[in-house]
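Read the structure below first, then the notes.
What follows is the structure, given as structure tokens:
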């Protein structure tokens, strides 16, 4: 029985507010075994290097995924990051333009009656360009949503006017002695 192979493919920011950010860790799990394996209790900790210290940003978990023999599975783990937890590194990050993100994790896997634990670690650089791109994409999404909402409101107002005119004509038919045909 071999441990599943864990690859942290990407860490991305999916939402930004004044109080917190939501990050997403996209993880691939490969099962090298010739039997199905159930991977469970995957816990991750996302940290960053601040000069010589490693500081935790946030954590997340994933309950269970079943991976067929000699196959891979994909999971995404949300990580909530309180902005106050990373405030101490913002100036350094702004000065250097990047920071090193470290993702460590543990989990368990079960194949038939055998169970075992595993751990993994992955480092990646996170740049200001990534944040700029995420904020830009979020703003574009909000703009498209606003335009869609405006168009929907205009259509509803047109429909309302059409319905009011139609109802007015029906009322006229019923209130006049000689109906219009």
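In our numbering, the protein residues as written are 988 to 1168.
In this text, a Cβ means the ideal position worked out from N, Cα and C, and glycines have one as well.
Model, not experiment: these values are computed from the prediction.
Alpha carbon to alpha carbon, how far is residue 1129 from residue 1138?
For residue 1129 and residue 1138, the distance between alpha carbons rounds to 14 Å.
Using C-beta distances below 6 Å, list every residue in its chain close to residue 1091, excluding the 5 sequence neighbours before and after it, in chain order.
Apart from sequence neighbours up to five positions away, the residues of its chain that approach residue 1091 with a beta-carbon distance below 6 Å are 1032, 1108, ordered along the chain.
Kindly give me the distance between the Cβ atoms of residue 988 and residue 1020, rounded to whole angstroms, as I take these residues to be in contact under 8 Å.
6 Å
Which of the three DSSP states is assigned to residue 1012 in this structure?
Strand at residue 1012.
With a cut-off of 8 Å, do at least 3 Cβ pairs link the segment 1083-1097 to the segment 1027-1044?
As far as the Cβ criterion goes, the segment 1083-1097 touches the segment 1027-1044, which means the pair count is three or higher.
Is there contact between the segment 1078-1089 and the segment 1001-1008, where contact requires at least three CB pairs shorter than 8 Å?
Touching, no, given that fewer than three Cβ pairs across the two stretches are closer than 8 Å.
Pick helix, strand or coil for residue 1056, following the three-state DSSP scheme.
It is coil, neither helix nor strand.
On the CB-based measure, 16 or more other CB atoms within 10 Å of its CB, does residue 1111 come out buried or exposed?
exposed
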